[in-house]
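*Asks:*
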Amino acid sequence: MLRIFTLLLTLFWVTPALATWSEYRSTNFTIYTDESPDKAEKLLRQFEQFRAVVLQYMNLPDTQENQRMMILMYADRDHFFRLVGEHVGGFYVRTPAGPRMVVGPQETFADSSVVLFHEYVHYLVRENSQVHYPMWYDEGLAEFLASAVIEEDRVLLGPLHPWRKGWMTLPRWPHLRDLFNPPLMDEKPLYYWARFYAASWLTVHYLELGTIYDFPDYSAQTRQFLVLYNQGVEPEEAFVQAFDKSVNEMHRELRRYRRQRFNQVISFPTTPYEGELNVRALSHNEQQFVLADLAWRMDKEKEALEYLTDLKTDEKDAARGLSLRAVLKNHNKEHDEAYKDLVQALRHDKSDTQVLMNAGHFYLDTANPEYSDDEDVQSVVNLDYVRRAQEYVQAALKQEPDFQEAHHYHIQVQRHLGTQRDVLQAMMTLYQMAPSDIAINIAIGELLAEADRPDLARQFIERALGWTHDDELREKLSEKLEEIIKLEAEMG
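Position one of the sequence shown corresponds to residue 110 (this note's numbering), numbered consecutively onward.
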């Protein structure tokens with residue numbers, strides 16, 4: 110009897126059942142969650158409120174986003190930890206379909222808000238401003254704004270976030286001069302970067318709010334520094350010119366400033382979010398697709414396929430899940446099964462933009478010789494499949510012209526079928542919709558360099574280099590930038 114009871118426990122508990130998920134949509138955000146409506150709506154309103162304050166503080170236009178920022182908020186610990194592991198409160202990931210924010214189970218949103226708000230500041234500023242910031246200012250500003258406290262009728266800027274209080278006791282802070290030319294991330298241990306971020310936050314905090322602690326007002330000098338930096342002046346030289354003092358003098362001021370308790374703030378009066386707020390429960394198939402889509406974008410295709418094995422395939426709303434399953438099975442070289450899934454997806458709904466885009470993705474993969482089992486064609490791209498992919502991608506873009514991921518596949522199609530000009534035009538279309546996308550900045554920069562236009566290529570590579578934290582990519586981009594600068598000099 111005990112053995113039977115144990116077996117039943119195993120059957121019922123190895124794979125926890127998913128709670129029902131719902132979709133919450135506001136003007137600028139979409140949240141998918143299994144949390145309670147109260148928590149979901151509160152998070153949605155906090156993000157809208159935070160967005161409004163950042164735009165106001167940075168003097169950026171409050172224009173409609175090209176697409177809603179997607180947030181996935183988990184209440185189920187087992188499924189969240191299965192995806193990312195323990196000791197993670199939340200994270201941000203940039204995908205071809207746009208940015209994703211993921212919030213793990215927690216008592217209060219403040220437990221991970223500093224991480225998510227930090228990344229959202231990067232996204233929001235880069236999407237709406239062409240100003241290029243040095244790394245210390247970029248990270249310090251994001252940290253400064255991310256530490257905001259959101260209340261019902263106001264947002265408080267300037268506090269030291271509870272997660273960051275330990276920063277103030279860190280020994281051997283970097284000198285201000287060290288912030289100007291940071292090393293590659295892997296050249297220093299993690300505790301070096303903890304001090305780097307702490308010093309960056311303190312420096313930006315001093316330049317932005319030092320006056321409320323009776324220090325000088327450096328707002329005009331900061332703006333001048335950024336102007337000079339964007340004109341190509343070396344960071345330390347730009348600093349000395351703008352502030353009319355040595356770096357050592359400013360470093361001494363920062364040492365005195367660090368002794369503050371940081372218990373003063375500036376208050377931005379705000380009004381509660383009063384825009385649209387639409388709520389609907391997801392069907393079983395929609396829910397499985399949303400969770401699988403996130404998993405595969407995090408390079409967890411096995412987990413994504415596990416979600417998609419549970420589709421109710423005879424229902425029309427299985428189309429998106431089936432089309433994604435076709436792509437993933439194709440990656441595993443389960444070509445026959447993948448094709449069957451795609452045919453069924455298109456039979457269910459051949460007008461859905463996600464299904465059409467996944468069909469384009471499927472045929473672009475199939476055109477790639479590495480997906481072929483025929484050794485005789487493993488060095489030749491199958492252009493017939495590329496043309497079929499083109500039909501589906503164009504159909505998706507006809508239905509939804511601003512569908513960013515479909516534009517990614519349109520670029521791939523043009524690389525096979527179009528001219529260099531066609532490829533560049535496709536890239537620039539996507540860039541207009543997603544100027545903060547590092548990948549598209551790199552792609553445009555490299556293509557312009559190949560076209561002997563280093564003068565135009567340079568800004569795209571510099572922008573990507575300034576934004577990425579990936580050491581391998583930073584090294585590659587640094588080398589590419591040197592090549593571009595050399596080519597620019599040779600061409601006069």
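Cβ atoms here follow ideal geometry from the backbone N, Cα and C, with glycine treated the same way. Just so you know, these numbers come straight off a predicted model, no measurement behind them.
Quick one: measure Cβ to Cβ for Q83 and A504, integer angstroms, because I've assumed they're closer than 8 Å.
*Replies:* This structure leaves residue 83 out entirely; the chain is present only between 110 and 601.
*Asks:* Identify, in the order they occur along the chain, each residue of the same chain with its Cβ nearer than 6 Å to the Cβ of Y72, setting aside the five sequence neighbours on each side.
*Replies:* Shown here, the chain extends from 110 to 601; a query on residue 72 therefore has no answer.
*Asks:* Take every Cβ of the stretch 433-441, pair it with every Cβ of the stretch 371-384, and state whether three or more of those distances are shorter than 8 Å.
*Replies:* They do not touch, by the three-pair rule.
*Asks:* So the candidates are R389, K425, I594 and Y322; which of them puts its Cα closest to the Cα of G341?
*Replies:* When each option's Cα is compared against that of G341, the closest is I594.
*Asks:* Is the distance from the Cβ of S238 to the Cβ of L181 below 8 Å?
*Replies:* No, these two residues do not count as a Cβ contact at 8 Å.
*Asks:* Nearest to F159 by CA position, among K585, F253 and M600, is which residue?
*Replies:* The residue with the shortest Cα to Cα distance from F159 is F253.
*Asks:* Flag this pair as yes or no: are the beta carbons of L285 and L391 separated by less than 8 Å?
*Replies:* Taking 8 Å as the Cβ cut-off, L285 and L391 do not qualify as a contacting pair.
*Asks:* Of all the options E260, D493, M294 and R304, which has the alpha carbon lying nearest to the alpha carbon of V276?
*Replies:* It is Trp, not Val, that sits at residue 276 in the sequence shown. Nearest C-alpha to W276: R304.
*Asks:* Please specify which runs of the alpha helix (DSSP H), each continuous and at least 4 residues long, are wholly inside the stretch 242-301, giving them in chain order.
*Replies:* You should have 244-255 and 285-289.
*Asks:* State the Cα-Cα distance for the pair A498 and Y518, rounded to the nearest angstrom.
*Replies:* Near 9 Å, if we compare the C-alpha coordinates of Y518 and A498.
*Asks:* Output needed for D458: all residues of its chain with C-beta closer than 7 Å, excluding positions within five of it in sequence on either side, in chain order.
*Replies:* Hits under 7 Å: K425, A428 and V464.
*Asks:* Does any residue of chain D have a CB that is nearer than 8 Å to the CB of D143?
*Replies:* In the displayed structure, chain D is absent; only one protein chain is listed.
*Asks:* Could you check the C-alpha separation between P544 and L586 for me, to the nearest Å?
*Replies:* In a straight line, the C-alpha of P544 is about 18 Å away from that of L586.
*Asks:* Hey, could you find the ends of the alpha helix (DSSP H) G384 is sitting in?
*Replies:* Careful: G384 lies outside any alpha helix (DSSP H) and carries neither H nor E.
*Asks:* So which of R263, E571 and Y183 has the shortest CA-CA distance to T379?
*Replies:* Answer by Cα proximity: R263.
*Asks:* What are the boundary residues of the alpha helix (DSSP H) that includes G601?
*Replies:* It is not in any alpha helix (DSSP H) - G601 carries neither H nor E in the DSSP assignment.
*Asks:* Is it right to say S256 is buried, meaning 16 or more other beta carbons lie within 10 angstroms of its own, or is it exposed?
*Replies:* Answer is buried; the Cβ neighbour count reaches 16.
*Asks:* To the nearest angstrom, report how far apart W130 and T136 are at their CA atoms.
*Replies:* Rounded to whole angstroms, W130 to T136 spans 20 Å at the Cα level.
*Asks:* Let me know if N467 comes out buried or exposed under the rule of 16 or more other beta-carbons within 10 Å of its beta-carbon.
*Replies:* N467 comes out buried.
*Asks:* Going residue by residue through the stretch 330-357, where are the continuous alpha helix (DSSP H) segments of at least 4 residues, counting only ones entirely within it?
*Replies:* For the stretch 330-357, whole alpha helix (DSSP H) runs of length 4 or above, ordered along the chain, are 344-352.
*Asks:* Compute the beta-carbon to beta-carbon distance between Y540 and I549, rounded to the nearest angstrom, for a pair I have assumed lies under 8 Å.
*Replies:* The pair is a contact, with the Cβ atoms about 5 Å apart (cut-off 8 Å).
*Asks:* What are the complete alpha helix (DSSP H) segments, minimum 4 residues, inside the stretch 523-565?
*Replies:* Counting whole runs of 4 or more residues, the stretch 523-565 contains the alpha helix (DSSP H) stretches 529-542 and 547-559.
*Asks:* Just the C-alpha distance for Q453 and E443, rounded to the nearest angstrom, thanks.
*Replies:* Roughly 16 Å between the two C-alpha positions.
*Asks:* For the beta strand (DSSP E) holding L420, just list the boundary residues, first then last.
*Replies:* Segment: none, L420 is in no beta strand (DSSP E) and carries neither H nor E.
*Asks:* Roughly how many whole angstroms lie between the Cα atoms of Y416 and D187?
*Replies:* Their backbone Cα atoms lie some 14 Å apart in a straight line.
*Asks:* Within a Cβ cutoff of 6 Å, which residues of the same chain sit near T142, ignoring the five residues on either side of it in sequence?
*Replies:* The residues are A149 and M182.
*Asks:* In terms of residues, what are the limits of the beta strand (DSSP E) holding P208?
*Replies:* Note, P208: beta strand (DSSP E), G207 to V212.
*Asks:* Could you give the DSSP three-state label for F159: helix, strand or coil?
*Replies:* Three-state result, F159: helix.
*Asks:* Can you tell me which of the three DSSP states L596 falls into?
*Replies:* Helix, per DSSP.
*Asks:* Count the C-beta pairs between the stretch 381-401 and the stretch 334-348 that are closer than 8 Å, then say yes if the count reaches three, no if not.
*Replies:* No, the stretch 381-401 is not in contact with the stretch 334-348.
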